[in-house]
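Trainee: Here you go, one structure.
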Amino acid sequence: MTAVELAGATETPHPPDTDPVLDVRGLRMRYGAVDVLHGVDFTARRGEVLALLGPNGAGKSTTIEILEGFRLRSAGEVRVLGTDPARGDEAWRARLGVVLQSWRDHGRWLVGDLLTHLGSYYAPYATAAIRRPWPTADLLDTVGLTGQAGRRVNQLSGGQRRRLDVAVGIVGRPELLFLDEPTVGFDPAARREFHDLVHRLADLDETTILVTTHDLDEAEKLADRILILAGGRVIADGSADELSRRVAGKAEIRWSVDGERFVHAATDATGFVRELFAQHGDAVADLEVRRASLEDAYMTLVREHESGGRTDTALRVLRGEEER
Amino acid sequence: MNATTMAVRAGLRRGVIELRNTLSSGQDLWNFAFPTVILMATMFFTRGLTVPGTDFSLGARTLPSSFGMGIAFAGMLILAQQLIIDREDGTLLRAKATPNGMLGYLIGKIVLNSVLAVAGLLAQLLIALLFLDGLRIDSPAAWVTLAWVLVLGLVATLPLGAVIGSLIENPRNMGLVMLPTMGLIGLSGIFYPVSVFPGWVQAVAQVFPIYWLGLGMRSALLPDSLAAVEIGGSWRHLETVAVLGAWAAVGLLLAPVVLRRMARRESGSRVAARREKAMQRAM
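Chains as they are written, first to last, in the UniProt record's numbering: chain H, 1 to 324; chain X, 1 to 283.
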């Protein structure tokens, strides 16, 4: 292919690295008289993995569908890969990957046929930097479905089907990938492999990834940054570490001296442990310092929001984020 | 190569793959063969009866008529049903999430249903020739007529199928279209000449494409003397082209608008909601 033939690919210019891949400001969504999103703001850089958490009905799906260009927003500024998703053309679409929860499609197709076929739509959108599509054999190997290439899609197990969904989502080598509860139904090994794949996409290919999940452990492992959405607003935005530290300031310290066990909660865990050793020296055993987990942070934030107290902790977290 | 050309090619390939998937599935093959078996049995048992006012075999008259019916079925009902199912299981949303995927999807469906319609027609013809006589299969003119009626018929019915499939969201509501179509087939002179029916029945039948598809196919394969049994005592090619052409024009104007509207509304949560409903139905 020559450069001229690739004209379609250059219609939407590649954003410079400094431009955010996702730029959402004051996003609002209203169904009839009900406001589902009241002014959502966030951005994502290239290669960043963002987890969107929140209770059911918080507006996660709506937000994602607006970004995917599947739903029209009521108000606000949204830029996805530099383009308004409401006006995204096919060249823009070619740079996105979507993995939804409820695919049951193409049941009678062979796994290999399906990937090759769907991949072929992306070929005209290849650029010098990004070869599109992902070659089928490579892709099958990447998601661990090489042995299933000749199987019918409806004969796959639940976990295999999910991995195929992921493969279809990345067959066009997307610059931005949406993952909606990607590991539901995975066994622990498959989940680990999937997490490795996500890290590889983000680190090697600089794919920006927006993942929704209810699994806080997964969010912590996958995401560079976590957004908590509740009641149609972003109530927290930061790394798992930042969120846990700001919300629950105290760490739990467990130790034993001469076989007797102790537990203590302290804000300055390091200082407390230093003190501990100064006092008991070598007698201290079984030392364990446990920070508040993301789960603790999440529960605190969401509970506070639901009881109308979002002004204290949640805002503190947001403000902390700005100071950074 | 530009993206649209690429998508058209992908669509053609898609049709071929879907065709292969259909042919390699026992269930699909049976769904495809079952109506043929019923039709063959009907023709076999009515081969000794005659078309009223002639000594021509009623079974042999049914064969071309059922070609016409088959095209209407493939174009309208089967395509509509596929669209409804593909919307429910997320195939359409997948097409929408793929660059130029909707174009490829539609071309694939057109290829699949056109080839299946032609294959069905040839299968019926080959089997029927074992026990039916008097069809003009050795006349080149007959094949030319058959070809243009076939093409015009598909162009007239496929867009209608796309419109029907886009408007119906719940697979259960397919009956709303299926039953009237069955009734219409009864009125459209497929199994018995419409000229013996009351005038209002004839009038209704002549509004819809099924009657004209049957008539066109009969004009191709039956001896000219059989035209006497038809309305106006003629094969009425001009009227056939006019009515089928009008349906084609309406369909081609409406289909893109309705399809686009339907596709625009597709999203993950809609597919999920539909899936939940389907699960409740299954309970």
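The C-beta atom is built at its ideal place from N, Cα and C for all residues, glycine as well.
Does the region 159 to 174 of chain X come within contact of the region 70 to 84 of chain X, defined as at least 3 CB pairs closer than 8 Å?
Mentor: Contact between the region 159 to 174 of chain X and the region 70 to 84 of chain X is present, because at least three Cβ pairs lie under 8 Å.
Trainee: At 7 Å on the CB atoms, spell out the chain X contacts of P124(H), in chain order.
Mentor: Result: M1, N2, A3, M6.
Trainee: Does the structure place the region 253 to 270 of chain X close enough to the region 146 to 165 of chain X that three or more beta carbon pairs sit under 8 Å?
Mentor: yes
Trainee: Residues in the region 257 to 275 of chain X with C-beta within 8 Å of chain H's C-beta atoms, listed in sequence order?
Mentor: So the list reads E266, S267, G268, S269, V271, A272, R275, given in the order they occur along the chain.
Trainee: What does P140(X) reach in chain H if we use C-beta pairs closer than 9 Å?
Mentor: Neighbours of P140(X) on chain H: none; closest Cβ ~39 Å, over 9 Å.
Trainee: Could you name each continuous beta strand (DSSP E) segment of 3 residues or more that falls completely within the region 14 to 60 of chain X, going from the start of the chain to the end?
Mentor: none
Trainee: What's the C-alpha gap between Q101(H) and V177(X)?
Mentor: 31 Å
Trainee: Check whether the Cβ of D138(X) sits closer than 7 Å to any heavy atom of the ligand GDP, and report yes or no.
Mentor: Among the ligands in the structure shown, none appear at all, so the ligand GDP cannot be discussed.
Trainee: So that I know if they touch, is there some Cβ in chain H lying closer than 8 Å to that of V201(X)?
Mentor: No, its Cβ sits nowhere closer than 8 Å to a Cβ of chain H.
Trainee: Under three-state DSSP, which class holds I190(X)?
Mentor: coil
Trainee: Along the chain, where does the beta strand (DSSP E) that runs through I209(H) open and close?
Mentor: 208 to 212
Trainee: Which of the three DSSP states is assigned to A58(H) in this structure?
Mentor: coil
Trainee: Which residues share a DSSP beta bridge with T98(X)?
Mentor: None, per the DSSP bridge assignment.
Trainee: Measure the Cβ-Cβ separation of A227(X) and G233(X) and say whether it is below 8 Å.
Mentor: Contact flag set, yes.
Trainee: Keeping to the same chain, check which residues put their C-beta closer than 7 Å to that of M217(X); ignore five residues upstream and five downstream.
Mentor: Here the set comprises P64, S65, F67, G68, L146, V149.
Trainee: Pick helix, strand or coil for F272(H), following the three-state DSSP scheme.
Mentor: helix
Trainee: By a C-beta neighbour count over all protein chains shown, 10 Å radius and 16 as the cutoff for buried, is Y121(H) buried or exposed?
Mentor: buried
Trainee: Please list the partners that S102(H) has in chain X, where partner means a Cβ-to-Cβ separation under 8 Å.
Mentor: G90, G268, V271, A272, R275
Trainee: Do V198(H) and L115(H) have their beta-carbon atoms positioned less than 8 Å apart in this structure?
Mentor: no
Trainee: Which residues in chain H have a C-beta closer than 8 Å to the C-beta of I17(X)? List them in chain order.
Mentor: W109, D113, H117
Trainee: What are the boundary residues of the alpha helix (DSSP H) that includes R161(H)?
Mentor: 158 to 170
Trainee: Kindly list the residues whose CB is nearer than 8 Å to the CB of A283(H), restricted to its own chain and excluding five residues on each side of it in sequence; keep chain order.
Mentor: V257, D258
Trainee: Sorted by chain position, which residues of the same chain lie with C-beta nearer than 7 Å to P35(X)'s C-beta, five sequence neighbours on each side aside?
Mentor: none
Trainee: Check D138(H) in the structure and name its three-state DSSP category.
Mentor: helix
Trainee: For the pair the region 90 to 106 of chain X and the region 84 to 95 of chain H, tell me if three or more CB-CB distances fall below 8 Å.
Mentor: Between the region 90 to 106 of chain X and the region 84 to 95 of chain H, the count of C-beta pairs closer than 8 Å reaches three or more; the two stretches touch.
Trainee: Determine the closest residue to G245(X) out of I190(X), A3(X), W212(X), with distance taken between C-alpha atoms.
Mentor: W212(X)
Trainee: Determine, using beta carbons only, whether L156(H) and Q148(H) come nearer to each other than 8 Å.
Mentor: yes
Trainee: When the Cβ atoms of the region 45 to 55 of chain X are set against those of the region 181 to 188 of chain X, are three or more pairs found closer than 8 Å?
Mentor: no
Trainee: Can you give the Cα-Cα distance for R260(X) and E175(H), rounded to whole angstroms?
Mentor: CA-to-CA, the gap between R260(X) and E175(H) works out to about 26 Å.
Trainee: Once DSSP output is grouped into helix, strand and coil, what is the label at I231(X)?
Mentor: helix
Trainee: Using a cut-off of 7 Å between C-beta atoms, extract the partners of A94(H) located in chain X.
Mentor: P99
Trainee: What are the residues that DSSP puts in a beta bridge with I228(H)?
Mentor: L53(H), A236(H)
Trainee: State the start and end residues of the unbroken beta strand (DSSP E) segment that holds V196(X).
Mentor: Careful: V196(X) lies outside any beta strand (DSSP E) and carries neither H nor E.
Trainee: Helix, strand or coil, according to DSSP, for D224(X) in the structure here?
Mentor: Correct three-state label for D224(X): helix.
Trainee: Taking C-beta to C-beta, are F194(H) and G268(X) nearer than 8 Å?
Mentor: No; because the gap between Cβ atoms is not below 8 Å, this pair is not in contact.
Trainee: Grab the span of the alpha helix (DSSP H) containing I85(X) for me, first residue to last.
Mentor: 79 to 89
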